[in-house]
Amino acid sequence: MKLQLIAAAISISLVACASTEQKRVVLEHSAPAASEVTATPAAGVANSDIIMLEQIMSDPDWFGRSPESWYWGDDSSTVFYQQKRQGNPLRDLVHKSISTQGNGELVKLAQMHVVADRDAVLNSAGTHEAYTFEGNVFVKELANQKVQQLTYTSAVESSVMFLTNGNIAYRVGNIFYALDMNSHKIIELANLKMTNGEKSSADSASYIGAEQHELIEYVALQQRNKDLRKEQKRQLRVKNSTVTQTNFYFGEDNKVVHASLSPAGDKLVVSVASSKSARKDSDIMPNYIAGDGQIKAQKARPRVADNRQYAEQLYILDLSQGTKALLSYDSLPGFDDDVLASVRKENYAREGKEYKSKKSARNIHVIQAWDPIQWQDNGAEVAIMLEAWDNKDRWITTINFDNKALVSQHRMHDDAWVNYTFNEFGWLNKTDSLYYLSEESGYAHLYVKPLTGKAKALTSGNFEVADLTLSADEQRIYFKANKKHPGIYEIYNVDVVSGQLTTLTDLGGMNDYALSPDESKLLLEHSEITQPPELYIKDIANDSTAVRLTHTVTEAFLAMPWAAPNVVAIASSHQEQPIYSKVYLPKGYDSSETKNKAVMFTHGAGYLQNSHLGWSGYFREYMFHSMLVQQGYVVIDMDYRASKGYGRDWRTAIYRHMGKPEVQDMRDGVNWLVENANVDAERVGTYGGSYGGFLTLMSMFTDPELFQSGSALRLVSDWAYYNHGYTSNILNMPGDDPIAYERSSPIYFAEGLEKPLLINAPMVDDNVFFQDTVRLVQRLIELEKQDFETAIYPVEPHGFVQPSSWLNEYRRIYKLFENTL
263 MKLQLIAAAI SISLVACAST EQKRVVLEHS APAASEVTAT PAAGVANSDI
313 IMLEQIMSDP DWFGRSPESW YWGDDSSTVF YQQKRQGNPL RDLVHKSIST
363 QGNGELVKLA QMHVVADRDA VLNSAGTHEA YTFEGNVFVK ELANQKVQQL
413 TYTSAVESSV MFLTNGNIAY RVGNIFYALD MNSHKIIELA NLKMTNGEKS
463 SADSASYIGA EQHELIEYVA LQQRNKDLRK EQKRQLRVKN STVTQTNFYF
513 GEDNKVVHAS LSPAGDKLVV SVASSKSARK DSDIMPNYIA GDGQIKAQKA
563 RPRVADNRQY AEQLYILDLS QGTKALLSYD SLPGFDDDVL ASVRKENYAR
613 EGKEYKSKKS ARNIHVIQAW DPIQWQDNGA EVAIMLEAWD NKDRWITTIN
663 FDNKALVSQH RMHDDAWVNY TFNEFGWLNK TDSLYYLSEE SGYAHLYVKP
713 LTGKAKALTS GNFEVADLTL SADEQRIYFK ANKKHPGIYE IYNVDVVSGQ
763 LTTLTDLGGM NDYALSPDES KLLLEHSEIT QPPELYIKDI ANDSTAVRLT
813 HTVTEAFLAM PWAAPNVVAI ASSHQEQPIY SKVYLPKGYD SSETKNKAVM
863 FTHGAGYLQN SHLGWSGYFR EYMFHSMLVQ QGYVVIDMDY RASKGYGRDW
913 RTAIYRHMGK PEVQDMRDGV NWLVENANVD AERVGTYGGS YGGFLTLMSM
963 FTDPELFQSG SALRLVSDWA YYNHGYTSNI LNMPGDDPIA YERSSPIYFA
1013 EGLEKPLLIN APMVDDNVFF QDTVRLVQRL IELEKQDFET AIYPVEPHGF
1063 VQPSSWLNEY RRIYKLFENT L
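Residues 263 to 1083, numbered by our numbering, are exactly what the sequence shown covers, in order.
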């Protein structure tokens, strides 16, 4: 039976192996030259052992303990990684030479402080590095590996850095210190206090206060004298280095969100927000299985429907002068745009009202990303990434220190929402330029921009770039990308001047990397569909094959006849781009006189990619699918619209209507199975957890003939009850866009349930609350629906932990499909 597949220009053969039927599947993707990729067969492909639920849902230690949190040693010939202990959740640190056999040796506890330098910072000469270990500051001389402990305190030191004068700075809470490396004197640089401090005449902002100062000479005189004394103290601090007066006041009921010290030690960027929580007393999660036998009312997050608007005040502190200046957002292009005008107009019209748009300053804050404040090495310039609270805009700005003003360097607007990933950026110090990722082309790509010039794209095409590493000479930027195929991630670098792209790996599957300190090698974490992650080494200077370093997968796992699915580009009936999907085909699937039964698995998170060629975080589901295939089921796992890895338009297709595009894609998937995999349309079931549980509900409620049964795990039934950060991106706020919430929430469509539904719900889920299940069940009862069952898991969080819970849950799912398909 011929498989009809869609894509663009590179032929890729993904061959189904193990207990699946071997079938050549041709895919195409934008690339200059054709190549072939074959899914790696499971090592136990010829084994006839029966895959059992009891084994695959047991503690995953049975199949291996892959390297975690891996990093290079200082010598570029040693690597370190953490490994889970057999039978318990503790992790050990392992060190391994790249030139020896075996998986390495445990680092002795007495030596942990010597090698705990994964996030160390180098001095400008590259001779020393500084880092923290267990809350204390250490410095290491790289030439002889001599380690010196600089602090011995019960306080927690963090944010360690070298200053341009050779001293080391660090942070304790909201206090910043510098340690003189010659005299070992500790210098307090800044103390950020969340109190009001002394008021100046400028603080007399009320009408009667201003009137008092204007009319009563005595009051004005007292205030003037107070201001003079305050200024005298400031001048003494500036002119006399023996005086310590580094307090900066930000007001009561506030908190420091971000604080970043200049490498010159003379300035500090601080963002401050209200410390008042959006939580209500009723935001609790009952825990019925507590150690003392009592019911515990655990605190839980607020809901998007309750969340207040959020803003931060941004300040620049001049530490040498002891001054603080508030930075206005007014200079940012679009800072006062009514970006929700069309949304509000539609919602007003439904109520018979007319919405009149007007400009108004939007709430803006420092973006929630890793290192959102980036200083030049010499401290001369700083770049800050900001985002609007409505998440329709992202800005990269610098600061004009003379004018105490923000200078916009780049604005990225998205009518839907700005992606929470692809926000990496930094400095090309030698050319006063910025490099950054942006989705403005429709895919995440790398750009460079001089401070006084125009931006230039270094990468382009229908693929996504991530995980940037700048070379020491600032001539190249390393990254990973799915350039070859949407589901294959390789490592590349690009010349920042010429834009010449160099491919560094050709391993297939999924690859992550770390550049060695001497920049001669890559440490790779490589995995494939049938092979959990292991570590590899690749020399950059030559085309040699990557060398495998670790062998942590057990023989018991390798002996099993796991399935290797095809990755198929299924034609969509709603857009040109195909829907990439894993398809598991049992032996003889197209020769049976009886049509096949099938199961569709729907991944969680929404914005997640699962139809790639690497090892999946859904490893239990992968093994479960192998078991189903062994028993004659066809299984499909789709990267529906909203999934990661396919560009901005694919990601935002669900804006203001979650559950519609995805269910359309699910129908296309079922139709493809019927036409190409000999599947009986009346014998297809579905299941999924979290976002996948939501889609199980939406498909069964809004397209009731699509599936014969379904299981919704840790489900979302009403998006107004989910968190703010995720939901408001896609559906805006309930107060602005109730239309979006009502047409996206399954509870509004529960009357459409016609087929058997199994609901599996953890009760101590602080992500998707158990309340979502409770409210839906009550709705189904009131609708007099009979064909549904609910299983509760009293000790489980969102991601199940106990093997007994996993086994019980999947026994129920399996039983559902066996009984209904």
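Glycine included, C-beta positions come from ideal geometry on N, C-alpha and C.
Three-state secondary structure assigned by DSSP to Val299 = Along the sequence shown, read from residue 1 onward, the residue named residue 299 stands at position 37. Residue placement at Val299 is poorly supported in this model, since its pLDDT is 37, which falls under 50; the coordinates still yield a value, given next. Correct three-state label for Val299: coil.
Close beta carbons around Asp768, own chain, < 7 Å, minus the five adjacent residues each side | Position 506 of the sequence shown, counted from the first residue, corresponds to residue 768. Only residues of its own chain outside the window of five on either side were considered, and among them Glu752 have a CB closer than 7 Å to the CB of Asp768, listed in chain order.
Over what stretch of residues does the beta strand (DSSP E) that includes Arg673 continue unbroken?
-> For this step, residue 673 is matched to residue 411 along the sequence shown. Looking at the DSSP string, the run of the beta strand (DSSP E) that includes Arg673 is 667-675.
Comparing alpha-carbon positions, which option in Glu1013, Glu608, Ser590, Val845 lies nearest Glu574?
-> By one-based count along the sequence shown, residue 574 stands at place 312. Nearest C-alpha to Glu574: Ser590.
Please name the residue in His1060, Asp999, Tyr895, Gly987 whose C-alpha comes closest to that of Leu975.
-> Position 713 of the sequence shown, counting from 1, holds the residue named residue 975. Residue His1060 is the option with its Cα nearest to Leu975.
Report the residue ranges of all beta strand (DSSP E) runs contained in full by the stretch 941-1011; include only those spanning at least 3 residues, in chain order.
-> For the stretch 941-1011, the continuous beta strand (DSSP E) assignments of 3+ residues that do not extend past its boundaries occur at 941-951, 971-975, in sequence order.
Could you tell me whether the stretch 410-427 touches the stretch 386-401, using the rule of 3 or more Cβ pairs below 8 Å?
-> In this structure the stretch 410-427 lies against the stretch 386-401, because at least three pairs of beta carbons, one per stretch, are closer than 8 Å.
With Ala939 and Tyr1076 assumed to form a contact (beta carbons below 8 Å), what rounded beta-carbon distance in angstroms separates them?
-> Indexing the sequence shown from 1 puts residue 939 at position 677. Indexing the sequence shown from 1 puts residue 1076 at position 814. Contact check for Ala939 and Tyr1076: beta-carbon distance about 20 Å, past the 8 Å limit, so the pair fails to qualify.
If we call anything under 9 Å between Cβ atoms a contact, is Ser670 one with Trp657?
-> Position 408 of the sequence shown, counting from 1, holds the residue named residue 670. Position 395 of the sequence shown, counting from 1, holds the residue named residue 657. Cβ distance < 9 Å, so Ser670 and Trp657 count as in contact.
Count the other CB atoms, across all protein chains shown, that sit within 10 Å of the CB of Gly931; report buried if there are 16 or more and exposed otherwise.
-> Here residue 931 refers to the residue found at position 669 of the sequence shown. The residue is buried, with at least 16 neighbouring Cβ atoms inside 10 Å.
Using only alpha-carbon positions, find the residue among Ser952, Ala818, Ser843 that is nearest to Trp934.
-> Taking the sequence shown and counting its residues from 1, one reaches residue 934 at position 672. The closest CA to that of Trp934, considering only Ser952, Ala818, Ser843, is found on Ser843.
Return the first residue and the last residue of the alpha helix (DSSP H) that Phe325 is part of.
-> In the sequence shown, the residue the question calls residue 325 occupies position 63. Careful: Phe325 lies outside any alpha helix (DSSP H) and carries neither H nor E.
Beta-ladder partner(s) of Phe687, from DSSP = Numbered from its first residue, the sequence shown carries residue 687 at position 425. Phe687 is bridged to Tyr698.
Compare the beta carbon distance of Phe438 and Ser386 with 9 Å and say whether it is the shorter of the two.
-> As a working mapping, residue 438 is identified with position 176 in the sequence shown. As a working mapping, residue 386 is identified with position 124 in the sequence shown. For Phe438 and Ser386, no; Cβs fall outside 9 Å.
In whole angstroms, what is the alpha-carbon distance linking Asp655 and Val946?
-> Residue numbering aside, residue 655 sits at position 393 when the sequence shown is read from its first letter. Residue numbering aside, residue 946 sits at position 684 when the sequence shown is read from its first letter. Spanning the two alpha carbons is a distance of roughly 42 Å.
Sorted by chain position, which residues of the same chain lie with C-beta nearer than 6 Å to Ser582's C-beta, five sequence neighbours on each side aside?
-> Mapped onto the sequence shown, residue 582 falls at position 320. Beyond the five residues adjoining it in sequence on each side, Ser582 comes within less than 6 Å, by CB distance, of Asp528 in the same chain, given in chain order.
Would Asp780 be called buried (16 or more neighbouring beta carbons within 10 Å of its own) or exposed?
-> Start at 1 with the first residue of the sequence shown, and residue 780 comes out as number 518. Classification for Asp780: exposed.
When the distance is taken between beta carbons, is Leu602 closer than 9 Å to Arg673?
-> Here residue 673 is taken as the residue at index 411 of the sequence shown, counted from 1. Here residue 602 is taken as the residue at index 340 of the sequence shown, counted from 1. Contact: no.
Using beta-carbon positions only, say whether Tyr801 and Ser789 come within less than 9 Å of one another.
-> Working through the sequence shown from its first residue, we reach residue 801 at position 539. Working through the sequence shown from its first residue, we reach residue 789 at position 527. According to the sequence displayed, residue 801 carries Asp and not Tyr. Not closer than 9 Å, so no.
Exposure of Lys615, with buried meaning 16 or more beta-carbon neighbours within 10 Å | The count along the sequence shown starts at 1 and reaches residue 615 at position 353. With fewer than 16 other Cβ atoms within 10 Å, it is exposed.
Tyr439 - DSSP class collapsed to helix/strand/coil | The residue given as residue 439 occupies position 177 in the sequence shown. If DSSP states are grouped into helix, strand and coil, Tyr439 belongs with the strands.
Mind the definition here: the stretch 873-886 touches the stretch 737-750 only if three or more C-beta pairs lie below 8 Å; say whether that holds.
-> With contact defined as three or more Cβ pairs closer than 8 Å, the stretch 873-886 and the stretch 737-750 are in contact.
Based on Cα-Cα distance, which residue from Ala943, Tyr869, Thr914, Arg910 lies nearest to Asp901?
-> Looking up residue 901 in the sequence shown gives position 639. Answer by Cα proximity: Tyr869.
Nearest-angstrom Cα distance between Asp568 and Arg541?
-> Locating residue 568 in the sequence shown gives position 306, where the first residue counts as 1. Locating residue 541 in the sequence shown gives position 279, where the first residue counts as 1. A straight line joining the alpha-carbon of Asp568 with that of Arg541 spans about 8 Å.
Which two residues bound the contiguous alpha helix (DSSP H) that contains Ile1043?
-> Sequence index remark: in the sequence shown, residue 1043 carries index 781 (1-based). For Ile1043, the enclosing alpha helix (DSSP H) covers residues 1032-1044.
Return the chain-ordered list of same chain residues with a C-beta closer than 6 Å to the C-beta of Leu1038, the five sequence neighbours on each side being excluded.
-> Position 776 of the sequence shown holds residue 1038. Same-chain partners within the cutoff: Ser979, Ile1009.
Thr989 versus Leu696, Glu1016, Ala308, Asn1029, residue with shortest Cα-Cα distance | As a position in the sequence shown, residue 989 is number 727, starting the count at 1. Measuring C-alpha to C-alpha distances from Thr989 to each of Leu696, Glu1016, Ala308, Asn1029 identifies Asn1029 as the nearest.
Of all the options Leu371, Ile791, Ala678, which has the alpha carbon lying nearest to the alpha carbon of Pro827?
-> Here residue 827 corresponds to residue number 565 of the sequence shown, with the count starting at 1. For Pro827, the closest alpha carbon among the candidates Leu371, Ile791, Ala678 is that of Ile791.
Do Ser533 and Tyr577 have their CB atoms nearer than 9 Å?
-> In the sequence shown, the residue the question calls residue 533 occupies position 271. In the sequence shown, the residue the question calls residue 577 occupies position 315. Yes.
Nearest to Leu811 by alpha carbon, out of Thr856, Lys517, Ile1001, Gly364?
-> Taking the sequence shown and counting its residues from 1, the one referred to as residue 811 is at position 549. Taking only the C-alpha atoms, the option nearest Leu811 is Gly364.
Any contact of the stretch 1014-1022 with the stretch 952-968, i.e. 3+ C-beta pairs under 8 Å?
-> At 8 Å Cβ cutoff, the stretches touch.
How close, in whole Å, do the beta carbons of Gly306 and Pro823 come, if the pair is a contact with beta carbons under 8 Å?
-> Taking the first residue of the sequence shown as position 1, residue 306 is located at position 44. Taking the first residue of the sequence shown as position 1, residue 823 is located at position 561. Indeed they touch by this definition, with Cβ atoms about 5 Å apart.
Give a single yes or no on whether Ala562 has its beta carbon closer than 8 Å to a heavy atom of the ligand MG.
-> You won't find the ligand MG in this model; it holds no ligand whatsoever.
Assess, as a yes-or-no matter, whether the stretch 908-928 is touched by the stretch 1060-1069 under the definition of 3 or more beta carbon pairs within less than 8 Å.
-> Pairwise C-beta distances place the stretch 1060-1069 out of contact with the stretch 908-928, as fewer than three of them are shorter than 8 Å.
Along the chain, where does the beta strand (DSSP E) that runs through Asp729 open and close?
-> Numbered from its first residue, the sequence shown carries residue 729 at position 467. Taken as a continuous stretch (DSSP letters only), the beta strand (DSSP E) holding Asp729 covers 727-732.
Measuring CB to CB, does Gln1171 end up less than 9 Å from Gly584?
-> Because the chain in this structure spans residues 263 to 1083, residue 1171 falls outside the shown range and cannot be described.
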